[in-house]
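Worksheet: the structure to be examined is printed underneath.
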Amino acid sequence: MKETASKLLKDIKIDNENFEKIFNSSKVSEHHAIIPTLLSLRFDIESVPNSERKVYELSERKVYELIRDKLYAAVSSNLAENTTKIIVKINDYEFSANGKVITSKGFTEHLSKYMKDKKDVILPKLSKGDYLDVNEVKIIKKYTKPPKAYTENTLLKAMEVAGNDISKGIDVERKGLGTPATRAGIIETLLSRELIKREQKNLLMTDKGKKLISVVSDFLKSPRTTADFEMKLFDIANGKFTEEQFLYEVIGEIRNIVE
Numbered sequence: 008m009k010e011t012a013s014k015l016l017k018d019i020k021i022d023n024e025n026f027e028k029i030f031n032s033s034k035v036s037e038h039h040a041i042i043p044t045l046l047s048l049r050f051d052i053e054s055v056p057n058s059e060r061k062v063y064e065l066s067e068r069k070v071y072e073l074i075r076d077k078l079y080a081a082v083s084s085n086l087a088e089n090t091t092k093i094i095v096k097i098n099d100y101e102f103s104a105n106g107k108v109i110t111s112k113g114f115t116e117h118l119s120k121y122m123k124d125k126k127d128v129i130l131p132k133l134s135k136g137d138y139l140d141v142n143e144v145k146i147i148k149k150y151t152k153p154p155k156a157y158t159e160n161t162l163l164k165a166m167e168v169a170g171n172d173i174s175k176g177i178d179v180e181r182k183g184l185g186t187p188a189t190r191a192g193i194i195e196t197l198l199s200r201e202l203i204k205r206e207q208k209n210l211l212m213t214d215k216g217k218k219l220i221s222v223v224s225d226f227l228k229s230p231r232t233t234a235d236f237e238m239k240l241f242d243i244a245n246g247k248f249t250e251e252q253f254l255y256e257v258i259g260e261i262r263n264i265v266e
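To convert, count from 1 in the sequence shown and add 7; that's the working numbering.
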């Protein structure tokens with residue numbers, strides 16, 4: 008796999024540490040991320056004008072470019088920034104301003120067409136003890152906003168870290184809810200069963216989903232339970248736990264729920 012990936016990445020500068028994180032069979036044994044094939048190296052996609060391609064072919068090209076650019080970004084160096092912070096004290100009140108200057112674009116070079124431009128915020132050069140003039144004072148009213156609804160991206164991240172207090176410090180693929188290869192499918196199953204719905208970019212619960220959650224026991228719907236089960240299955244695979252012990256615990260929990 009690493010040899011194939013190296014051929015795909017021959018034209019870009021690879022960060023070895025990030026490359027090892029992506030192509031590591033000891034962490035992801037069942038599936039790896041979607042990547043271009045070696046066959047794609049024979050085609051010069053950039054040389055084909057958009058105007059000469061059919062609509063569906065354009066869509067395929069965009070999907071291919073997204074997969075390719077995401078791979079390039081994943082194995083490139085990290086974004087490097089210089090950050091500065093100025094703290095100004097007026098009477099007994101402190102006010103601060105943050106500055107940020109990009110010193111190396113790193114992986115963002117490959118994702119520039121998918122991201123908003125990150126502009127440098129340059130602060131004036133000051134030394135400790137300098138005095139400043141206050142030219143204007145504004146009072147701005149703000150209110151605490153409720154948490155935003157999940158999007159598919161934020162839900163996938165939440166599924167990844169669910170139950171992390173259980174698996175903290177343990178290097179396994181099956182942390183959280185599902186695996187990297189199955190999490191998107193879990194969301195699609197919830198959508199197909201009409202337990203959740205899409206509203207623009209957001210994923211919202213349906214009335215059917217709310218009713219189901221209201222009758223399911225706390226034990227069964229807890230992310231901690233799923234994470235615990237995954238860890239037990241991992242221990243079984245490594246000889247640290249037995250199938251009999253696992254089934255005994257599951258049956259005991261089901262008996263408690265029924266009673």
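No residue lacks a Cβ here, since even glycine has one placed at the ideal position from N, Cα and C.
All figures in this text were calculated on a predicted structure; none of them were measured in a lab.
Checklist entry - Are the beta-carbon atoms of Thr-249 and Lys-208 separated by less than 8 Å? => result Against the sequence shown, residue 249 aligns to sequence position 242. Against the sequence shown, residue 208 aligns to sequence position 201. No, these two residues do not count as a Cβ contact at 8 Å.
Checklist entry - What do you get for Thr-110, buried or exposed, if any count of 16 or more other CB atoms within 10 angstroms of its CB means buried? => result Looking up residue 110 in the sequence shown gives position 103. So Thr-110 counts as exposed.
Item to check | Assigned exposure category for Ser-134 - 16 Cβ within 10 Å defines buried | outcome: Locating residue 134 in the sequence shown gives position 127, where the first residue counts as 1. Classification for Ser-134: exposed.
Checklist entry - Where does Thr-249 fall in DSSP's three states? => result The count along the sequence shown starts at 1 and reaches residue 249 at position 242. Coil at Thr-249, not helix or strand.
Checklist entry - Taking just the CA atoms, how far does Asp-235 sit from Ala-169? => result As a position in the sequence shown, residue 169 is number 162, starting the count at 1. As a position in the sequence shown, residue 235 is number 228, starting the count at 1. Roughly 10 Å separates the two Cα atoms.
Next on the checklist: Assuming contact is defined by CB atoms lying nearer than 8 Å, are Asp-22 and Ser-84 in contact in what I supplied?
Outcome noted: Against the sequence shown, residue 22 aligns to sequence position 15. Against the sequence shown, residue 84 aligns to sequence position 77. Going by C-beta atoms, Asp-22 is nearer than 8 Å to Ser-84.
Checklist entry - What whole-angstrom Cβ distance do Thr-1 and Phe-241 have, given they're in contact under 8 Å? => result This structure cannot speak to residue 1, because the chain is shown only from 8 to 266.
Checklist entry - Residues in its own chain within less than 7 Å of Lys-215 by CB, not counting five upstream and five downstream? => result For the purposes of this step, residue 215 is taken as residue 208 along the sequence shown, with counting starting at 1. So the qualifying residues of the chain are Glu-201, Leu-202.
Next on the checklist: Tell me the residue span of the alpha helix (DSSP H) that contains Phe-50.
Outcome noted: Counting from one through the sequence shown, the residue named residue 50 turns up at place 43. That residue, Phe-50, is in no alpha helix (DSSP H); it is neither H nor E in DSSP.
Next on the checklist: Please classify Tyr-79 as buried or exposed, where buried requires at least 16 other C-beta atoms within 10 Å of its C-beta.
Outcome noted: Taking the sequence shown and counting its residues from 1, one reaches residue 79 at position 72. Buried, since its Cβ has 16 or more Cβ neighbours within 10 Å.
Next on the checklist: Threshold first: 4 residues or longer. Then list the alpha helix (DSSP H) segments lying entirely within the segment 59-140, N to C.
Outcome noted: 62-81
Next on the checklist: Would you call the segment 112-126 in contact with the segment 139-150, where contact means no fewer than 3 C-beta pairs closer than 8 Å?
Outcome noted: no
Checklist entry - DSSP puts Thr-158 in a beta bridge; with which residues? => result Counting from 1 along the sequence shown, the entry for residue 158 is found at position 151. Answer by DSSP bridge pairing, in chain order: Asn-209.
Checklist entry - Taking the C-alpha atoms as reference points, what is the distance between Leu-162 and Pro-154? => result Your numbering for residue 162 matches position 155 in the sequence shown. Your numbering for residue 154 matches position 147 in the sequence shown. The alpha-carbon atoms of Leu-162 and Pro-154 are separated by roughly 13 Å.
Checklist entry - According to the neighbour-count rule (16 or more other Cβ atoms, all chains shown, within 10 Å of its Cβ), is Ser-262 buried or exposed? => result As a working note, residue 262 is residue 255 in the sequence shown. It should be noted that the sequence gives Arg, not Ser, for residue 262. Classification for Arg-262: exposed.
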